[in-house]
Each structure stands twice: as structure tokens, then as C-alpha cells.
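Read through the structure below, which is laid out as C-alpha cells, and then see the notes.
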Amino acid sequence: TLYFNLQSSRLISEGRRIHLKSIAEQQGNTLDLFLRERVVNLTNMINSPEMETPPSQEKMQEYFYDLKKSSYAFVDVGFFDSTGLQVKYVGPFPSLELRDYSSEAWYVSLLSKKENFIITDIYLGFRKQPHFTIAVRQLLDGKYIVLRATLDPNKIHEYITSHDGTSEVHTSIVNRDGYYQLVTQHSDSLLE
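Those letters in the sequence shown? Residues 329 to 520, per the working numbering, in order.
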């Protein structure tokens, strides 16, 4: 009886572990797909033959509206000239327009990467609020232009935890350095 109880307990434990692993993999794949779709949104905009350089404020409003239609996680959108200056901006932080990003880690990394896009970890940046940056670049007349959008981590967390099977677990995402990127309310703190 003791042997069968131990075996049964071990099998139940193993089943739970496999179930949790399955949920974690599903949520990881969901997040990956979500972020890749946002990169595609920006890439389509910057590669569009209709893209003005620099875009007018009206065009930037249209771009932002289109982004918000594709995902409510978008917070803002900005257009950068080849010097790293954000020459056009639409969003809740108008003081970011005409801000120099040329020495920001994400901007430097984007220009030095093989890929034409970057998805950052969560950080505070100039706005002093947690956000992700997704940016894409395009070579134009021998110089790079950049289209950047930020995403609200809370909206992303809501998205990945809204799928079937996720109500039974608490989800937090940790970067490679061990810092929380997305957290379950009341359990963890961002950037710790």
C-alpha cells in the first residue's frame, strides 16, 4: 500500500509539473507571437511606399491610430532622423518630441545589430514609467531612419494571461539577468 501511495503521489506530482511546463511554454509562445506581430506592424509602416520622411504630424496620428487598432498595448509612436533625434512623436508624453536618443542603449544597439528591429527589456527611460520599446530601422539615402513604439507591460500581461488555462497559475516573466519584466499583481515588483 505504501509503495502504491508513493507511486501515485509521484505520478500526480509529475503530472502537475508537466501541466505547468505546458502552460509556461504556451504563454512564452503567445508572448513571442504577440511581440513579433508588433514588429511586423512597425516594419510595414516604415517600409510602406507611402511613408513620408519625416512624416507630417497628421501622418503620425494615422500611424498611431493604425497601431492602436492592431493592439491596445501601444502607448506611443515616434519617428527618428539619422542623428537619433525624435523629430515626430504621438502619445501621452509630448515632451519626448525633439529629444535626442542617439546615446540610448536601445538606439545604439538597433543601429549596430544585424536585424532591422529591436525589442527591449522593460525599462524606465526618459518618461520614468515602465515600458518596452520596439523599434525598426530602414536605410534611406545611406542613413538609417527609425520608427519606434512603446508598449505598456500591464496590457501585455493582461493579454498573455487571458488565454485558456492561465487562470490557474500566476505568471511572471523574468529576463536573462533575473529582473522581473511582467509580474502578477500583488506578488512581485517590476525591475526587481
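Just so it is clear, CB atoms sit at the ideal spot from N, CA and C, and this is done for glycine as well.
Asked: Identify, in the order they occur along the chain, each residue of the same chain with its Cβ nearer than 7 Å to the Cβ of Ser341, setting aside the five sequence neighbours on each side.; Found: none
Asked: Inspect the beta-carbon positions of Glu382 and Phe407 and report whether they are closer than 7 Å.; Found: One detail in the question is off: residue 382 reads as Pro in this sequence, not Glu. Result yes, Cβ atoms of Pro382 and Phe407 sit closer than 7 Å.
Asked: Below 7 Å CB to CB, which residues in the same chain sit around Thr448 once its five sequence neighbours on both sides are set aside?; Found: Trp434, Phe460 and Thr461
Asked: Assess contact between the stretch 437-444 and the stretch 413-423, defined as three or more Cβ pairs (one per stretch) separated by less than 8 Å. Is contact present?; Found: no
Asked: Can you list, in chain order, the residues of its chain whose CB lies under 8 Å from that of Val415, leaving out five sequence neighbours each side?; Found: Pro382, Phe407, Phe408, Asp409, Glu425 and Leu426
Asked: Around the C-beta of Thr329, are 16 or more other C-beta atoms found within 10 angstroms, so that it is buried, or is it exposed?; Found: exposed
Asked: Pick from Tyr331, Arg338, Asn357 and Lys396: whose alpha carbon is nearest that of Lys483?; Found: Lys396
Asked: Express the C-alpha separation of Leu467 and Val405 in angstroms, rounding to a whole number.; Found: 19 Å
Asked: When DSSP labels each residue in this structure, what does His347 get in the three-state scheme?; Found: helix
Asked: Please list the terminal residues of the continuous alpha helix (DSSP H) segment that includes Asp544.; Found: No statement about residue 544 is possible, as the shown extent of the chain runs from 329 to 520 and does not include it.
Asked: Bridge partners for Asp428 per DSSP, in chain order?; Found: Leu413
Asked: Starting from Lys471 and walking both ways along the alpha helix (DSSP H), at which residues does that stretch end?; Found: Looking at the DSSP string, Lys471 is not in any alpha helix (DSSP H); the run it does join, the beta strand (DSSP E), is Lys471 to Leu479.
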